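A short worksheet on the structure shown next.
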Amino acid sequence: MIYRSHRSALCAIAIASVTLVGCSSSTTTPTTTTTTTTTTTNTTTPKPSLDAPVAVSPLSGAIVTNRPALTVTNAARTGSITGAVTYTFDVASNPEFSPIVVSGSSPEGIGSTSFTLTTDLANGTTYYWRATAIDAADNVTSPSSGTQTIATVSLSTAEKIAAQQGRTLWPGTQPPGSAGRTNLGPGWGVQNTADFLGNPYLNPTLDNLRVFDLLDRGMNANAVIGWMNSNGYFTNAVYYPEVSQGVYGFPQNYMTLIGTSWELVRRVGA
278 MIYRSHRSAL CAIAIASVTL VGCSSSTTTP TTTTTTTTTT TNTTTPKPSL DAPVAVSPLS
338 GAIVTNRPAL TVTNAARTGS ITGAVTYTFD VASNPEFSPI VVSGSSPEGI GSTSFTLTTD
398 LANGTTYYWR ATAIDAADNV TSPSSGTQTI ATVSLSTAEK IAAQQGRTLW PGTQPPGSAG
458 RTNLGPGWGV QNTADFLGNP YLNPTLDNLR VFDLLDRGMN ANAVIGWMNS NGYFTNAVYY
518 PEVSQGVYGF PQNYMTLIGT SWELVRRVGA
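The sequence shown finishes on residue 547 if you use our numbering, and the numbering steps up by one all the way, no holes.
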């Protein structure tokens, strides 16, 4: 007789429907899959910018010379400024800055930046100035500093003559007082001439003009020479109070008070 096993048939059925799970004698361990999620944080670099510089001097209301030095506090930065920062200074005769009378630039200094005008402003005139910081490498320009309103000094009579000669009467310490207290008499015409020894000089000399200017500002005649020598303007002038109303002697000429005017007379000998 032939016997057949029913177990094999059941295994075949199990294999067909369950894919061998029921027929395996080994133990199967379930596999667990772990998924890792990575979170990416987007970091945005701020666009570089420059704040407006702040005016330091001269501020509104100041009376300045014909070539003032303009100074601002350096512009604050935001972001990465990669280039060298420069400052443009504009001066105009109206608050709209149209047209601009003088414009110049300076590289950024430490903490503050200055620009000294290289051309003269008109005397006795009101002007407006402002400054802008520029980073050309990053194409960044700051807003302008607050507009400052300034005025140039009105030249005294002696300062005007010195300007005609192309010279500055008081390049250092400025004398006190305001001019207009005395007058010029004859002898003050601008000309190239020579003294009695034949030495050429430009008339009137700076000594002549400075002495007259201090008198014109109301300084006492005896104090003029002392003030000049004490403030860096050494003079060869000698004052002779006992002669007439007062005479100043110079190597080239004399200043003589006639009435209310100071006349300039060339010396003819020692």
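Yeah, the Cβ is synthetic: ideal placement off N, Cα and C, and Gly gets one too.
Small disclaimer: the values here were computed from a predicted structure and weren't measured.
In the DSSP assignment, find the alpha helix (DSSP H) that holds residue i and state where it starts and stops.
{"i": "residue 550", "result": "Since the first and last residues shown for the chain are 278 and 547, residue 550 lies out of range."}
How would you call residue i, buried or exposed, if buried means at least 16 neighbouring beta carbons within 10 angstroms?
{"i": "residue 512", "result": "buried"}
{"i": "residue 387", "result": "exposed"}
{"i": "residue 281", "result": "With a pLDDT of 47 at residue 281, under the threshold of 50, the modelled position of this residue cannot be trusted; read the value that follows with caution. By the neighbour-count rule (16 or more Cβ atoms within 10 Å), residue 281 is not buried but exposed."}
{"i": "residue 533", "result": "buried"}
{"i": "residue 340", "result": "exposed"}
{"i": "residue 433", "result": "buried"}
{"i": "residue 473", "result": "exposed"}
{"i": "residue 345", "result": "buried"}
May I have the straight-line CA-CA distance separating residue i from residue j, to the nearest angstrom?
{"i": "residue 396", "j": "residue 486", "result": "23 Å"}
{"i": "residue 329", "j": "residue 449", "result": "32 Å"}
{"i": "residue 549", "j": "residue 461", "result": "The structure shown does not extend to residue 549, since the chain is modelled only from 278 to 547, so the question has no answer here."}
{"i": "residue 514", "j": "residue 413", "result": "55 Å"}
{"i": "residue 406", "j": "residue 349", "result": "11 Å"}
{"i": "residue 391", "j": "residue 484", "result": "32 Å"}
{"i": "residue 354", "j": "residue 404", "result": "29 Å"}
{"i": "residue 368", "j": "residue 400", "result": "14 Å"}
{"i": "residue 431", "j": "residue 343", "result": "10 Å"}
Could you spell out the range, first to last residue, of the beta strand (DSSP E) harbouring residue i?
{"i": "residue 530", "result": "530–535"}
{"i": "residue 427", "result": "425–429"}
{"i": "residue 520", "result": "That residue, residue 520, is in no beta strand (DSSP E); it is neither H nor E in DSSP."}
{"i": "residue 392", "result": "389–393"}
{"i": "residue 403", "result": "403–412"}
{"i": "residue 538", "result": "538–543"}
{"i": "residue 380", "result": "377–384"}
Taking Cβ to Cβ, would you say residue i is nearer than 8 Å to residue j?
{"i": "residue 446", "j": "residue 456", "result": "no"}
{"i": "residue 366", "j": "residue 375", "result": "no"}
{"i": "residue 498", "j": "residue 518", "result": "yes"}
{"i": "residue 522", "j": "residue 544", "result": "no"}
{"i": "residue 488", "j": "residue 501", "result": "yes"}
{"i": "residue 402", "j": "residue 428", "result": "yes"}
{"i": "residue 370", "j": "residue 378", "result": "yes"}
Could you pull out every unbroken beta strand (DSSP E) segment of at least 3 residues lying fully inside the region 432–509, listed in chain order? 468–471, 477–480
Along the chain, which unbroken stretches of the beta strand (DSSP E) at least 3 residues long are found entirely within the region 320–375? 331–334, 346–350, 362–369
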